[in-house]
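Peer 1: Under my numbering, the first residue of the sequence shown carries the number 279, and numbering increases by one thereafter. Even glycine gets a Cβ: it sits at the ideal position worked out from N, Cα and C. Remember, it's a predicted structure, so these values are computed and weren't measured experimentally. Supplied in structure tokens, the structure appears directly below.
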Amino acid sequence: MAVSSQLATREEMLDSLDAEMVRLTEETEATAFGLECARREAEDERRSLLFHRTAEGLEVATSVCAGSLSTVHLGSVPAGAAANFLIGGASKVLSFMAPKHPAAQVLSRGGKEFLHCQLAILARNAILDP
279 MAVSSQLATR EEMLDSLDAE MVRLTEETEA TAFGLECARR EAEDERRSLL
329 FHRTAEGLEV ATSVCAGSLS TVHLGSVPAG AAANFLIGGA SKVLSFMAPK
379 HPAAQVLSRG GKEFLHCQLA ILARNAILDP
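Listed below in structure tokens is the structure:
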């Protein structure tokens with residue numbers, strides 16, 4: 279009886295150790311998963327900030343370009359204004375399509391400045407030259 283009692287005790291200890299091993303393994307895997315999620319989130323946030331700053335810079339640059347481009351005339355045809363409308367309109371269409379790719383989002387934001395600036399120029403001209 280003593281031998282079977284010792285075997286039962288050993289079996290219980292082994293079962294207990296197995297359960298503890300499973301618990302520790304699951305806890306380790308959960309911690310690793312949590313760390314991976316945090317790393318991905320930090321990387322996504324960094325990338326999002328980079329695209330945001332790039333888009334902001336591109337908007338400033340394109341507004342200057344749109345203003346300059348609006349002065350281009352081929353004879354009496356305002357080719358620069360037409361180019362602003364075409365570029366800005368295409369960017370607006372791209373924006374309405376809600377692209378998932380961040381580069382397309384940045385380009386659509388920057389490109390829309392051509393349209394917005396040309397509209398502002400037209401409004402200004404309409405006020406100053408009735």
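Under 8 Å by Cβ, that's how I've got ALA368 and GLY388 pegged, so tell me the actual separation to the nearest angstrom.
Peer 2: 12 Å between Cβ atoms; not a contact.
Peer 1: On the premise that ALA359 lies in contact with LEU372, defined as a C-beta separation below 8 Å, what is that separation, rounded to the nearest angstrom?
Peer 2: The pair is not a contact, with the Cβ atoms about 20 Å apart (cut-off 8 Å).
Peer 1: What span of residues does the alpha helix (DSSP H) with HIS379 cover, start to end?
Peer 2: Premise fails: HIS379 is in no alpha helix (DSSP H) and is neither H nor E.
Peer 1: Helix, strand or coil: how does DSSP classify VAL371 here?
Peer 2: VAL371: helix per DSSP, three-state reduction.
Peer 1: Can the beta-carbon of SER346 be found closer than 8 Å to that of ASN362?
Peer 2: no
Peer 1: Looking only at its chain, what residues have a beta carbon closer than 6 Å to the beta carbon of LEU336, apart from the 5 residues adjacent to it on each side?
Peer 2: Shown here for LEU336: same chain residues with a beta carbon closer than 6 Å to its own, the five before and five after excluded, namely GLY388 in chain order.
Peer 1: Three or more C-beta pairs closer than 8 Å, one from the region 389-398 and one from the region 330-344: is that the case here?
Peer 2: The region 389-398, when compared against the region 330-344, does touch it at the 8 Å Cβ threshold.
Peer 1: Use the C-beta contact count for ILE365: other C-beta atoms within 10 angstroms, 16 or more gives buried, fewer gives exposed.
Peer 2: buried
Peer 1: Decide if VAL384 is buried, meaning its Cβ has at least 16 other Cβ atoms within 10 Å, or exposed.
Peer 2: buried
Peer 1: DSSP on VAL350, reduced to helix/strand/coil?
Peer 2: coil
Peer 1: Only counting the same chain, and skipping five residues up and downstream in sequence, which positions put a Cβ closer than 6 Å to that of PRO380?
Peer 2: PHE329
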